[in-house]
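Presented below is the structure to which this report refers.
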Amino acid sequence: QGGHFSWDKYLKETGASAAPAHCFRQGATPPVNEFKAGMKLEAQDPRNTTSTCIATVVGLTGSRLRLRLDGSDNKNDFWRLVDSSEIQPIGNCEKNAGMLQPPLGFRLNASSWPMFLLKTLNGAEMAPARIFHKQEPPAPEQNSFQVGMKLEAVDRKNPHFICPATVGALRGVEVLVTFDGWRGAFDYYCRYDSRDIFPVGWCSLTGDNLQPPGTKAVLPKTLGCLSDGSEGTAMHPMPGQPPGQRGRKPGRRKAKLTGPWGQKGA
Ligand code: MLZ
9 QGGHFSWDKY LKETGASAAP AHCFRQGATP PVNEFKAGMK LEAQDPRNTT STCIATVVGL
69 TGSRLRLRLD GSDNKNDFWR LVDSSEIQPI GNCEKNAGML QPPLGFRLNA SSWPMFLLKT
129 LNGAEMAPAR IFHKQEPPAP EQNSFQVGMK LEAVDRKNPH FICPATVGAL RGVEVLVTFD
189 GWRGAFDYYC RYDSRDIFPV GWCSLTGDNL QPPGTKAVLP KTLGCLSDGS EGTAMHPMPG
249 QPPGQRGRKP GRRKAKLTGP WGQKGA
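Residue 168 in our numbering sits at position 160 of the sequence shown, with consecutive numbering throughout.
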């Protein structure tokens with residue numbers, strides 16, 4: 009739970025502060041996850057958001073579900089919070105006069121979809137309606153993030169990971185999520201009310217495994233955990249670093265991260 013990373017120590021050492029809870033579109037306590045692997049539900053196809061598909065819970069992590077669309081492959085799993093409005097009990101689509109659709113990349117001939125649907129639902133364990141949450145938490149009225157605030161965020165390139173991050177910039181209703189220790193390689197802009205960003209401490213409440221920061225660190229010069237001037241144990245160089253914007257130039261004053269949050273990438 010939370011690995012060896014300690015926000016307490018990290019915030020002290022970085023002199024940063026956590027974005028207050030009211031900035032986020034997340035409840036004060038994470039939503040209870042009563043789903044089980046194997047349960048089926050309806051989900052919007054993330055690659056074709058007008059389609060409602062059948063999905064199977066293939067994993068659980070904290071308040072999130074790892075979902076796989078029935079009839080799809082195992083390369084396009086996606087994660088949703090249990091209180092996401094993008095998941096519904098089976099039957100909801102039909103109730104609203106909709107039609108269940110094959111996922112983008114349906115592995116069979118389109119004409120076999122009706123029979124596939126019948127078979128996939130026959131005898132399936134359907135997630136009961138009572139374990140769904142009635143609604144998503146309301147969005148805060150405005151973007152009240154500030155540059156420099158810390159948070160926990162889904163790494164959208166590796167969406168099973170939630171990682172320590174910092175608000176890098178603000179752009180109207182958008183927030184630049186920058187991942188600590190990764191020199192920009194995983195950064196993205198999202199709306200301030202995105203469900204992919206969480207207050208500091210979220211993962212320790214849900215039981216999610218918060219990843220430690222990377223070792224391609226952008227650290228204040230005064231940081232107590234900088235030591236011998238050698239490169240840390242980062243996995244590989246990060247592409248796309250705009251010169252002079254973030255981090256150190258290669259070959260200059262490199263930092264080794266020896267803090268209590270560990271040194272391993274993933
Ligand atoms: N170990 C992998 C994943 C990095 C995840 C970073 N998250 C901000 C890599 O080095 O690509």
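The C-beta atom is built at its ideal place from N, Cα and C for all residues, glycine as well. Small disclaimer: the values here were computed from a predicted structure and weren't measured.
Within the same chain, and ignoring the five residues on either side of A132 in sequence, the residues whose Cβ sits closer than 6 Å to its Cβ are K48.
Per DSSP, reduced to three states, the secondary structure at R138 is helical. Taking a cut-off of 8 Å for Cβ pairs, the segment 209-216 and the segment 182-197 do not touch, as fewer than three such pairs fall below it. Put simply, of P207, C101, K224 the residue whose alpha carbon is nearest the alpha carbon of A29 is P207. By the neighbour-count criterion, in which 16 or more other beta carbons inside 10 Å mark a residue as buried, Q34 falls on the buried side. In the DSSP assignment, F86 falls outside any alpha helix (DSSP H) and within the unbroken beta strand (DSSP E) covering 86-89. Excluding the 5 residues flanking it on each side, K158 has same chain C-beta neighbours closer than 6 Å at A24, A26, T174, V208, in chain order. For F187, no alpha helix (DSSP H) run applies; the uninterrupted beta strand (DSSP E) run containing it begins and ends at 182-187, by DSSP. For P122, the enclosing alpha helix (DSSP H) begins and ends at 121-129. About 4 Å separates the CB atoms of T60 and C101; that is less than 8 Å, so the two are in contact. In this structure, DSSP gives E21 a helical state, which the three-state scheme calls helix. For G176, the shortest separation between its Cβ and any heavy atom of the ligand MLZ does not lie below 7 Å. In this structure, DSSP gives E50 an extended state, which the three-state scheme calls strand.
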